[in-house]
Each structure stands twice: as structure tokens, then as C-alpha cells.
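Notes to accompany the following structure.
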Amino acid sequence: MSVATTGLAGRSQEMRELDTAVTRASSGLGQAVLLEGEPGIGKTALLQAAAAAARESGMRVLHGAAEELEQRVPFASIGRCLGIDTAWADPQLRALAGQIRGEGRPDVIPGLEADFATVEAILALLDDWSSTGPVALLIDDLQWADNGTLVLLHQLGKALHSMPLVLITAFRPAAAGTELDQLRHSLIGRGAALIEVGPLGEHAVSQIVRGLLGAPAGPELRRLLHDATGNPLFVTEIVGALERERAIRIAQGTVEADSADVPASLASAIIGRLDWVSPEGLEVLRTASLLGSGFTVPELSTVTGKPAADLVDSVMEVVRYGLLREQGERLVFRHDLIRQALYEAIPARAASHSAVGRALARSGAPVERVAEHLLMGADTDGGGSAATGGDAVVDWVADHAAALTLRAPSLSVELLRQTLHGTDPDTERAGRLEILLASALLWSARAAEVQPQAEEALPHLSDAAQRSELLWVLAQADVAVGRPDLAVQRARDALDSGTLSPPETRRYQAFLSTCLFRFGQLDRALAIAQEVRADSVRYGEYHAMVDSLLTIAIVRMFHGNYREAIEAADQALRNAPGQAVPAHSLIGLYIIRGRSLFELDRTAEAHQSIAAGLQLGERSGGMLLTLCHASRASFMFHAGRWDDALAEAQVGIELPDHLSTPRAIHGLMALIAGFRGDFAAADERLAAADSATSSSTTTPYVEYLPRWGHELRLESQGRKEEALADLLEGWRRGFGPVQGVGLLFRAADLVRLALDVGDTATAHEVIEEAERIDDAERTTPRARAIISHCRGLADRDLGTLAEAADYYRETPWLLSRGQYYEDVAAVLAGAGRLEEARTELDRALDVYAQMRADWCATCAEERLEAAGLPKRRTDRRRRPASGWEALTDTEHKIAALVAEGLSNPAIAARMFISRRTVQSHVSSILAKLGLTSRVELATAVTRQR
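Residue numbers for the sequence shown follow the working numbering, so the first one is 214 and each next one is one higher.
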């Protein structure tokens, strides 16, 4: 049975659109459909019809509804669709339920309210399911959805077009600027169909009456139903009210009303239905309305204090009257308007919620369920507090706030604030609540609010341990808002207080070393970290040990001591398993290790290290994931795998970040666009990089990439003197800790530019500085090859240039290889050795062709032509931008795995990359081949073979 044959009166057009979306998803072309309309207009009926059609077509159907009471509980709405609270036999869902509850997370790290790791886990699950067959995801009452669900749907919308998945949501019109309104515009912008479910016409209303009463409405009944304004629920309620009053008669083949006394509004119609319910049934309904749109009989038993057996008759009565309906193990209101009418009629609702919260707390109900009611039980209008529930409530909040913060951080913040409102600030219990509140603010990505809250609380804390703990959270918040300088001062204050225990002292010292590094005090950071490492090893304090080794590894890397950096990282990673070490510290170690390995040309190991960091980040949270993707993009850029670099970069700029990493990523993407000759795209990326600038003290660490992009742009405009001045200023000043050996890879660009403008003095100054760096620090074969390259180019000495030949022939740094061949060709041409120059130029052009670096190739030909080497008359070979030959090796592998039926997560696991990177590659493959879905791609791969 298709959607179009389910017989909803007056909704044939809407049902045809839904039917089309279901059919498209079944064939591999995903789509979103948005049902928007007023309450009672029929959105839920359309959603149910679509679900029935999807089941009939063999799709996996995930169907649920958001609830008003759960708006502050992340992923509550999508979790209900997935069935995570009931499907305990499914290991994937069981693991996801634990992740949503916050199991296994570190105690305190800067968090995101819409937890990245959970979003990623749900998207991966949907990806897996859709690889085995089409999926229908249907969510009703989206206006009540939590923020986590909305973020998830926004991310899902980006990949929907290539998945066999249909997303259908129903919601009331959203106010402009709300999260729901933003999601609505985002999905529509990506091709979602918007169905505005409007009032029914007179013919459709007549069909409803015929369906309810077996005959069409007569003139008087039609007149009465005109007041329902085409709202099918209102029509149904008016007919029901007339039936209950026995005011319906059938005469001459039509149905007529014997009474003009009909409800004036939909709300009054619903309330009128309640007049026929027994007092016991009404009591059940009123209590149920406090619990939300749905509940279980055991839950009802808990809050009423009555055995479940004593409630059965009353429950069955209200089900018979059509006020409640069964939905699996739960009972739900037939329409939320029914619940709302009952709820608004309850006197002293705050006191009722407080009682419900206390009852649920005694029964061991989920913390978020208890917290919602305790918070609603606070008489906020009267300045009341959750603490008015008595010491038992305050104790429950103190005992459960940490768990609540992991599950629903914003809800925890509000409940803690309400509880503190009625608690003596000078008590030990208040101090405990203040620490919990600061942690909850940090978890809910409201780090900026921690400082005023904590500084107001600190004077009231007489307990040294509590002061230390609150200062610790406050220091973490300083880092989260990009102010490690403030965090340094707090750490020093704590260390100077004389109240810290030895383990706390080492924890603060390790933290201090990481903060000092963040704003460039590398030597001081290193000294502190080395002291902490020695003490922490002696006393077996693994958290401080790992953090100190992280600082040591970072400083060693920026000093160019890559092998020592790797050694420090390896020592930390060997000691971390089984210890309570924050995931972001471990991810940082993998990044530093990977970057150091890449500098040593150990490319495969470098990618493996970053892959390990990515896998950990996707399981534990989004912190530093952007930097992982940026690192891989950087490796691929230097290796000439520019399309692969762009796939990683695209993922990176879409992830949460507080380290200014998107600025670097936009700069890298601008470089690729510029080298390929697409300067409009380069300008767009440079503008994006400029807009991504932040006041974070980490910004200098990523500055060199956008600066390089701007320099390239100046050179492309013929402004070589300005490009040289800009590049030289950065070379002399550095970018935070990126100095000396970290900038050697730009030395050849500097020398070439200086020679182009006739500034030989600057060229030799750069070479002398590079040689000084090489003498002072233990650098790499690549660094020494760069120096020979620069010296040979400046002196036009082919013998010196030849010293670098073996390195450049084997180096994974493809762009550097092409530039070396070009420079050798230029020196040969200047010496009149044109045939040899032609050979070297062809080598350079072949390298540039691999990267589609058209601007580089054009500049090389013009440079050599000016040196006396004529251009070839035949067009040089270019790698195509579309078709099978345009695919990179990575894209060919992914296309083959898609054809085998693997999901994005399965491909990611096979290739040691992230699921989002696979998704980015799939989108690139489809664009290059002119395809629209994975199904079409699989067919095309089969034909290509």
C-alpha cells in the first residue's frame, strides 16, 4: 500500500509527495520532507501514513515524537525514534544509550551541548543501516525537539542526497531565528520538500463526516462544521460532541445535527470530551499530563502511589474514550492538545511537579526525568527554589548533578542554579553545588559564564579542597574561552596558596606548562614539564605524567627535535592505557607524533598516528578533531594529494573548534585554489580565513597558512616586491612557536622571489639564516636538501643543486619536488643548456599536472621562456577535472568499496580515515562522475570494470 492509497480525506496531493519521497529513498535517492501546520491540522496522520507506506515497501522505519518536557535533554527525540530505551538486545543501540548517558567520559573538559561524539555515533548507525537497505526516519512534533536532535538532523541533511534514507518531520510553524527555523531553512536549502499542511476544503470535511457516520453531512451540520475552519481534529471533536449528546440524526441519506450547541474552539471541544470520563479516569489523565506526552503504567503507579493493578480499569476507560492510545510499552495522548487542556486545568502545577519529581527520585528513575520535574516544581515566578522541596531534594541534586551534567548539561545548570537560590552560600553543601555548577556550565559550552559564577562563590568557600577544585574548573574555563593567560594566573595562585596536596600540585604544574606553551613561553613550559614528569613518574601519577610529556613533545617538535618529540609522545601513550587520562591529551599526543613523523618523511606512520587520534576523538568527543583533519589535510597538501586534502579540509571546517584551526584550513584551501589558477575561489577562502580570526592566544600557531595564501595572491597579481616583503617579515618574526626550522620549507620561495626582484642580498641573508638553523638544531635530511636547493639557486651552482637531487627525487613533498625541478631548469637555461633544461621543465610540469597546479605550470613555462626556452607548441597534459581519470587513488578505492556495499563507517574503518572524510570523498566522486546516489555509483563501478 502506497501513501497515496491510504485514504486521508483531502490530502491526496500531500500524500503523493510523501509517496514520491519514499519511492526515491527506496531507489537510493534520499530526501527530506517537512510537514508544517497548525495543531490538529493532520500532520500526524500524514506521518503515520508515510510510515505505513515505508514499512510496506520494506524500509526500516524509525518513528517517534519529540516531547515538550524533554527539550533540555540532548538526543531525547532522536533516541525515541531509534528505540534506544527499549532495544537492549541490540549491542549498537545499547552502546549508543550508554554514550548518550555520558558513560566513560572524562570528568571535566570543555563540552558542547550537542555532543559531537553522540552525533557522530548516530550518523554512523544510520549510515550502517542504510547500507543494508532503505531507511525512513519520521519525527513528529519537532517544535519540541532538543538541540542535540536538531544538530543531528542538520548534519544528516548534508549527506541525505546520496543515502537511501527519507527524513520526514512534522512541526508547528516556527518563529524566525529559532533553532527549528534555522534547521528548516538548512534542509530546504539542501533540497527538502516543504509541505504546508493547510485547512481542508468543504468536500474533504464532508468525507470525514461520511467516514465517521456513514453518510454525508446535511446543510445544518455543514454550517456548524464551518466553524472548525477546515481543521480535521476540530471537525472530529465537534462530531464526537454531538454524538455524545445524541444530537445526530440521519434523514434522507444525510447526517444532520439536532443541536446548535457545539464547542466554540478546539480546546473547549477537547475539554468537553472529558465530561464523560469517571473521576478515577480524570485523576489518571491529570497525573499523566504532568508526566508529558507519554508514560508507562509503572511510572504512573510510582507517582500516584497506587499499585498498577488498581490503575488498569481507569487506564482502559480513557483508552476507550480515545484520549490515550498504546504505543509499545508506553501510553501516549492521542493529541498533545488533550494533554495541554488537562495540564492547564491543574491547580498548583509547581507543587504537583515537585511531588512527581520526589516520587521519581525515590524510585530511581533516570536523572533527567527527575530533574525536569524538580525544576518545574520550583516556583520561579515567586522567586522560589528547587531547595523548597527540602533537604532530601538538595541532597538528591548534590548526589546526582554530576551524572545529570553528563546526560543533560543545560538542565543540570538550571537545576543547580535553582537549588543554590535557596541554599546558604556559606555551607559546605553550597560549596559542593557551586563546583558542580561550574562543571555543568563548562560541559554545556557556556565557559564564559564560569568566571562570574565561580568568582562570586570563591569568597564563601572556607574549605581548601573545595577552593582548589573550583579554581581548577575555572582555569579549564579560561582555556576554553581562549584565555590561557588567565588560566596561568589561576594556576600560579593555586600553587602559591600553600594549600595543595602533592598530587594537586603536580596536576596544576602540568596544566601550567600546557598553558605557558599556548602563548609562546616554550622554554619555561619545557622546564616545568620536565620537573613534573620526573615527580609524576616517581609517584605513579599518570594524568600529570601524560600532560607533562605532551608539553615536552610539543616543544621538542617546534624546536625541530622531531625524534625526541616522538619519543616523549610514545612514552606518554605507553603509560596512558587503563588510566584516567582525558581523551584530548591523548589526541594531542597522536597529532604531535604524526606531525613529527611527517617532518621525518615517515609518511605512512604519520597518517597512522593521526588516524589513531581521529578514532579516539570520534568515540570521545569533538575536541581537537578539527586539528586532526587539518593535520591530515596539511600532509596531503605537501604530498600533492590536493583533492584528498580538500576532502579532509571540508570536514575540518565543519567541526567544532576553539583553537582557530578553521583559519588555517581556509588558508590551505586558498593555496590549492590559487596554485590551480582559481583565484576567485582563493579570494573567497582568504576572506573566510580572515573572518575566522579570533582573539585566541593560539591564533599565531596557524597564521602562516593564510599568510602564505595572501602572499601567493600578491605574486599572482604581479606584486612580487610586496609578496617578498610579507614573506620576509613572517620569516624573520615567526608565527608564535612556528619559527626557525618550522619555516624552512618556505626558504626556497623566499630565495626565488628575492632573485626575481633582483634582491640578491636578501636571498643570501635567508640562506645564511637557514644554515644557522641547521647548525644550531638537529634538523632533517629535508632541511639540508632545502639549504642546498637555496644555495644552488642563488649561486646558480648546478653542483650544489645536485646535492639535493636524491632527496627531491624520493621526497613525499610533491609541490617541493616540482619547484626544485623548475629551479634546476631555470639555472640550466641560464647556462645555455636548453635541452637539459627542457628535460627538467618537463619533470616539473608532470609533477604540476598530477596536482592540477595549472598556475604553477603556466608560471614555470613563462619563467623558462624568459630564460630562452621556447614553449612547446603542443598543449601540456593536464589531469581532467571530471570523469574517471579525475578520481584520486583514494577516491577509486572508496568507489570500489561503495560498490561492494560497504557503509561509510565500514569504509572508514577499512581505510583508517573518518566517516565524515569518506562522506566528503563520496560527494566529490559523485560530482566528478555526474552521479546523484551511491546506488548509481555502484552501478557505474560495475560497468567500468
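Every residue, glycine too, gets a C-beta built ideally from N, C-alpha and C.
Because the structure is a prediction, the values reported are computed rather than measured.
Simplified DSSP assignment, three categories, for residue 1169: In the structure as shown, the chain begins at 214 and stops at 1158. Residue 1169 is therefore absent and cannot be evaluated.
Sufficient close CB pairs (3 or more, under 8 Å) joining the region 358 to 366 to the region 389 to 399: Short answer: they touch.
Backbone secondary structure at residue 273 - three-state DSSP: For residue 273, the three-state secondary structure derived from DSSP is strand.
Assigned exposure category for residue 917 - 16 Cβ within 10 Å defines buried: With 16 or more Cβ atoms within 10 Å of its Cβ, residue 917 is classed as buried.
Residue 717: first and last residue of the uninterrupted alpha helix (DSSP H) it sits in: Per DSSP, the continuous alpha helix (DSSP H) segment holding residue 717 begins and ends at 715 to 731.
When 250, 651 and 1063 are compared against residue 385, the one with the closest alpha-carbon: The candidate whose alpha carbon is nearest that of residue 385 is 250.
4 or more residues per run - each alpha helix (DSSP H) lying fully within the region 1084 to 1143: Correct list: 1102 to 1112, 1117 to 1124 and 1128 to 1142.
Contacts around residue 1145, its chain only, beta-carbon distance under 8 Å, and the 5 residues preceding and following it disregarded: Listed in chain order, the non-local C-beta contacts of residue 1145 below 8 Å within the same chain comprise 242, 374, 375 and 1139, local neighbours out to five positions each way being set aside.
Continuous alpha helix (DSSP H) stretch holding residue 553: start and end: From DSSP, the alpha helix (DSSP H) with residue 553 extends over 549 to 557.
Proximity to residue 843 [Cα-Cα], best of 814, 831, 879 and 825: Comparing Cα-Cα distances from residue 843 to each of 814, 831, 879 and 825, the minimum goes to 879.
Sequence-distant residues of its chain with Cβ nearer than 6 Å to residue 585 (five each side left out): Cβ-Cβ distances below 6 Å link residue 585 to 282 in the same chain, with the five nearest sequence neighbours on each side left out; the list follows chain order.
Close-in-space but distant-in-sequence residues of the same chain around residue 334 (CB under 6 Å, 5 per side omitted): Taken in chain order, the residues that qualify are 309 and 312.
Residue of 259, 292, 789 and 708 minimising C-alpha distance to residue 753: Closest by alpha carbon: 789.
Under the three-state DSSP convention, the category residue 947 falls into: Of the three classes helix, strand and coil, the one that applies to residue 947 here is coil, per DSSP.
Where residue 265 falls: helix, strand or coil (DSSP): In this structure, DSSP gives residue 265 a helical state, which the three-state scheme calls helix.
Neighbourhood of residue 531 by C-beta distance below 7 Å, restricted to the same chain and skipping five residues each side: Here the set comprises 490, 494, 497, 498 and 537.
Secondary structure of residue 496, DSSP reduced to three states: Correct three-state label for residue 496: helix.
Residue of 427, 413, 397 and 429 minimising C-alpha distance to residue 442: Per the C-alpha coordinates, the member of 427, 413, 397 and 429 positioned closest to residue 442 is 413.
Distance between residue 245 and residue 481 (C-alpha atoms, nearest Å): Spanning the alpha carbons of residue 481 and residue 245 requires a straight line of approximately 35 Å.
DSSP beta-bridge partners of residue 247: In DSSP, residue 247 forms a bridge with 382 and 407.
Helix, strand or coil at residue 543 [DSSP, three-state]: Of the three classes helix, strand and coil, the one that applies to residue 543 here is strand, per DSSP.
Residue 468 - DSSP class collapsed to helix/strand/coil: Of the three classes helix, strand and coil, the one that applies to residue 468 here is strand, per DSSP.
Assigned secondary structure, residue 657 (DSSP; H/G/I helix, E/B strand, else coil): If DSSP states are grouped into helix, strand and coil, residue 657 belongs with coil.
Cutoff 7 Å; reference residue 163; Cβ partners in own chain excluding five residues on either side: Coverage of the chain is limited to positions 214 through 1158, which leaves residue 163 absent and any answer about it impossible.
One or two residues paired with residue 537 in a DSSP bridge: DSSP, once it has assigned bridges, lists 546 as partnering residue 537.
Residues sharing a beta bridge with residue 353, DSSP: Looking at the DSSP output, residue 353 shares a beta bridge with 278.
Three-state secondary structure (DSSP) of residue 348: Three-state DSSP puts residue 348 in a strand.
Distance between beta carbons of residue 550 and residue 186, contact taken as under 8 Å: Since the displayed the chain opens at 214 and closes at 1158, residue 186 lies outside it and no answer follows.
Under 8 Å between C-beta atoms of residue 957 and residue 1015: Going by C-beta atoms, residue 957 is not nearer than 8 Å to residue 1015.
For residue 1056 and residue 1034, believed in contact at Cβ under 8 Å, the rounded distance: With a Cβ gap of about 4 Å, residue 1034 and residue 1056 count as contacting.
Touch test, the region 621 to 631 against the region 649 to 658, Cβ-Cβ under 8 Å, three pairs minimum: Output reads yes: the region 649 to 658 touches the region 621 to 631.
Short Cβ contact (8 Å threshold) for residue 841 with residue 823: Yes, the pair counts as a contact, with Cβ atoms nearer than the cut-off.
Where residue 507 falls: helix, strand or coil (DSSP): Three-state DSSP puts residue 507 in a strand.
Sufficient close CB pairs (3 or more, under 8 Å) joining the region 777 to 786 to the region 751 to 769: Using a Cβ-Cβ distance cut-off of 8 Å, the region 777 to 786 and the region 751 to 769 are in contact, since at least three pairs of beta carbons, one from each stretch, lie closer than that value.
Selected residue, minimal CA-CA separation from residue 732, among 1069, 761, 701 and 548: Per the Cα distances, 701.
Contact set for residue 581: own chain, Cβ-Cβ below 7 Å, skip 5 residues either direction: 286, 617, 620, 621 and 624.
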